[in-house]
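Shown next, in structure tokens, is the structure this report addresses.
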Amino acid sequence: MKINLSFEANQSGTELHIFSCFNKTQEVKATKKADTKKAEKVLVHSHWSEELTESFEHSVASKHYKGECGELFSITMMSGATALIVGLGDKTKLTKEILRRQIATTYKAVSGKYEDATLHLDGFLLKGHAEESITAMIEALHMAAYTFDRHLAVKKKAKLQSITLATNEKKTVAKKFEAAIAEAHIIGECVKVARDFVNEAPNILHSETYAKEIEKDVKNLKHVKIKILGKAELKKEKMGMFLAVNAGSAYEPRLVHLTYTPAKATSKTKHIALVGKGLTFDTGGYSLKPGASMMNMKFDMAGSATVYAAFRAAVQMQLPVKISCYLGITDNAVNHLAVMPDSIVTGRNGKTVEILNTDAEGRLVLGDVVNYACDDKPDALIDAATLTGAILVALGSEVCGLFSNNQKLADSLLKSAKNADEYMWQLPIIDEHKNDIKALVADLKNIGSNGNGGSAKGAAFIENFVEPGIAWAHLDIAGIGDSQGHLPYCSPKGASGLIIRTLIDYLKNV
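Its first residue numbered 4, the sequence shown is counted upward by one per residue in my numbering.
Below, the structure written as structure tokens:
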């Protein structure tokens, strides 16, 4: 989809013109002494053109339009062009997320009907936050336009191919507006890349092909180095937990290690490590999942796709921060070689682990990869994983769970989530959680004594492999990785791409 910026609000050749409309509540004077004053909502549209105002007033149906948030109203203007009015409700309550959601809803309503459209920015931009408003809207267009149709004989191509952003603002803001659009393009494209990886079938995207796709993708990125560790290298690194998960697989494991060093890096340049769980499919191993629970387990690599997308965006934005990205990739299959319950393995840092449940495998992979990432002594280390079903029970399908050993890092991530209009909630790791994963016959066990506090105990397990002095945060995205269709810029089914924007914001502001 092509998006252009124009400082001519009159786009006469466009099929569709999209305008905003607000409302406010005001008192209506009583007509009789006995009557009490009544309140009613009136439309606010001072930013409309004279033609649109006249066309609207001549429409009989316009009398019933209230400009409520999400309320769409279509009319034919005097010129013959179609105008679509997008209700945004009370202007004093307008936020970037409202813009994001309403633009996504509008796109879905018109993308199959028109080839081109003009979005009139005046009236959509938050006062004092014009660039952020533009970025939010373009993000919404990219995310709402996403489809995963590569395996369909007939592709689902939207009719709408061109959108012009028209404004009456002075051309002196052109560079700022264009920069906002460019940033949104990068974010939208990186969310698409992550969604494509997560949505791909597991017989196509396994550990070996996934690593190759990443290697191919980074060839176009500047200042990036890539190192891929296979089974032999993991053995040398003594990653016993990672190798145990891979034992039943038909494919070799892969640890993809990416490093971005900005052009003007100095000894004072911040260094952030991102670690992602990349289970391309999870059967549960010998602790086999029920059939219904095994569906969509191709999504178990969403953590790796999430951190890679954030890494990719940061590189394209040329952010002045060094970033190391580590993707621990395998599947969790079951055969005669697969690791058995009651097995004891040794992690990279020398701690022994009793595997009581082979379906609690993500923490085993992450433990070794997180420990490997600590070698470079980053200023902060953030891992993302579809780790526990318990987080879905605790927080639902909209909220990312956050665990951390460093409150400053946790606060920064929570602030970035707020900036990105994404939901994140911090949860504790207490001594009782830590004590419950201690084993009698090994240093640790990979599950607690019961299912209570499952997400916290999973995080507590990973923390055992974080080296002292490293600020660490764990993002459990098991609830949000799979779109539930509750957001208009997410597909009804498939990868959501949520929390990528939060990580990008964090990397921008670290």
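We put the CB at the ideal spot given by N, CA and C, even for glycine.
DSSP places I480 outside both helix and strand once states are collapsed to three, so it counts as coil.
DSSP places Q105 in the uninterrupted alpha helix (DSSP H) bounded by 99 to 113. Counting of Cβ neighbours within 10 angstroms places H61 among the exposed residues, the total staying below 16. The count of Cβ pairs closer than 8 Å, one atom from the region 148 to 162 and one from the region 41 to 59, stays below three, leaving the stretches out of contact. Collapsing the DSSP output to three states places K5 in a strand. Annotation for S58: the continuous alpha helix (DSSP H) segment containing it runs 53 to 60. Pairing C72 with V196, the inter-Cα distance amounts to about 31 Å. Residues S58, T85, A86 of the same chain have their beta carbon placed closer than 8 Å to that of T79, with the five preceding and five following residues left out of the count.
C328 sits in a strand when the DSSP states are folded into three classes.
If you compare the alpha carbons of K380, I184, A393, G399 with that of I450, the shortest gap goes to A393. Taking the CA atoms as reference points, H477 sits about 10 Å from Q429.
Judged by beta-carbon spacing, M320 lies beyond the 8 Å limit of I229, meaning their Cβ atoms are not closer than that value. C403 carries a strand assignment under DSSP once its states are collapsed to helix, strand and coil. I440 and F464 have their alpha carbons spaced roughly 7 Å apart. When the beta-carbon positions are compared, V113 and L168 stay at least 8 Å from each other. For E236, the enclosing alpha helix (DSSP H) stretches over residues 234 to 239. With three or more CB-CB distances shorter than 8 Å, the region 506 to 513 counts as touching the region 416 to 426. As a beta-bridge residue in DSSP terms, E43 pairs with Q29. Going by DSSP, F284 is part of the beta strand (DSSP E) stretching over 274 to 285.
Around the C-beta of D485, 16 or more other C-beta atoms lie within 10 Å, and the residue is accordingly described as buried. With distances taken between CA atoms, K460 lies nearest to G404 out of G404, C377, E134, G92. Per DSSP, reduced to three states, the secondary structure at C377 is helical. Listed in chain order, the beta strand (DSSP E) runs fully inside the region 407 to 488 are 426 to 429, 475 to 479, counting runs of at least 3 residues. Collapsing the DSSP output to three states places I21 in a strand. Between F180 and C493, the alpha-carbon positions lie close to 25 Å from each other. Secondary structure note for F76: its beta strand (DSSP E) is the uninterrupted segment 75 to 79. In this structure, I141 sits near I6, with a CB-CB distance shorter than 8 Å. One alpha carbon belongs to Y375, the other to D386, and they sit about 12 Å apart.
In the structure shown, the three-state DSSP call for S307 is helix. Residue burial annotation: T283 is buried, with at least 16 other C-beta atoms found within 10 angstroms of its C-beta. Within the DSSP bridge table, the entry for T505 names no partner.
When secondary structure is reduced to three states using DSSP, L155 falls in the coil class, being assigned neither helix nor strand. Within the region 148 to 216, the runs of beta strand (DSSP E) at least 3 residues long that lie entirely inside it are, in chain order, 165 to 169. Judged by DSSP in its simplified three-state form, A387 adopts strand. Counting C-beta atoms within 10 angstroms of its own C-beta, K222 has fewer than 16 neighbours from the protein chains shown and is therefore classed as exposed. Beta-bridge pairing by DSSP links T269 to no other residue.
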